[in-house]
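K.L.:
Structure incoming, see below.
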Amino acid sequence: FSNWTLSRAEEARVAAEKLGVPGFIGSQNQWSLAKADAQKGDPTWAYIDDSFASWHAKHGVAAFPYTPQASGYFRRLDNGSIGQASDLVKGLFHHPQNVNRYKRIKALQSETGFSVGEIVLGYLLAQPFPVFPIVGPKKVADLDESLRAAEINLTADNLDFLTADA
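Note that my numbering numbers the sequence shown so that position 36 is 415, with each residue one more than the last.
This is the structure:
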């Protein structure tokens, strides 16, 4: 399913269970380490939040998230080009919670040597259920970095650190 809310996904799961038929095996919603402000996004988009991620883990449903790198949000913070981001990207992602997450990404980068991009995708790939981020690299170097993210292993403590939004 694509762009379904948690309540709709759960209704479908329960209905499939009652009918004795296979349920969905995956979802395609927006999800990244950057928390999106859904009020400022496309009204047809649905988002994977912490509750929805827990549902995926509980039921073994894979995620195929789009915009898994938040349209380059953290990269733009890193290279100082956030002002050049589109209004949509700034509206969705540029808020204090994500600035705090960027600081945590940089701290983890200092500790591990992983790049910002590797950490951003590594966060998704380290979830306790199958996650297959849909990336859209603009350059071969971007693709290479995305592929390297599959080779890093972030721990549960790393994930907790990245999302500790005090």
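For every residue, glycine included, the Cβ atom is placed at its ideal position computed from N, Cα and C.
Model, not experiment: these values are computed from the prediction.
Going by the beta-carbon positions, is the gap between L500 and A528 smaller than 9 Å?
P.N.:
yes
K.L.:
Take T542 as the anchor and find which of Y481, K518, E530 has the nearest alpha-carbon.
P.N.:
Y481
K.L.:
Tell me Q407's beta-bridge partners as DSSP assigns them.
P.N.:
S381
K.L.:
Identify whether A543 lies in helix, strand or coil by the three-state DSSP scheme.
P.N.:
coil
K.L.:
For I404, which residues of its own chain have a beta-carbon under 8 Å away from its beta-carbon, when the five flanking residues on both sides are left out?
P.N.:
V440, A441
K.L.:
Can you grab the Cα-Cα spacing for the pair F540 / F443, in whole Å?
P.N.:
23 Å
K.L.:
Taking the Cβ atom as the reference point for each residue, do Y445 and Q506 lie within a distance shorter than 9 Å?
P.N.:
Their beta carbons are not under 9 Å apart, which means Y445 does not touch Q506 by this criterion.
K.L.:
Using DSSP's beta-bridge definition, name the partner residues of I513.
P.N.:
Y445
K.L.:
DSSP beta-bridge partners for Y426?
P.N.:
Q409
K.L.:
Can you list, in chain order, the stretches of the alpha helix (DSSP H) that have 4 or more residues and sit fully within the segment 433-501?
P.N.:
You should have 452-458, 466-472, 475-491.
K.L.:
What did DSSP end up calling E396 once you bin it into helix, strand or coil?
P.N.:
helix
K.L.:
For A388, does the three-state DSSP call read helix, strand or coil?
P.N.:
In the displayed model, A388 falls within a helix according to three-state DSSP.
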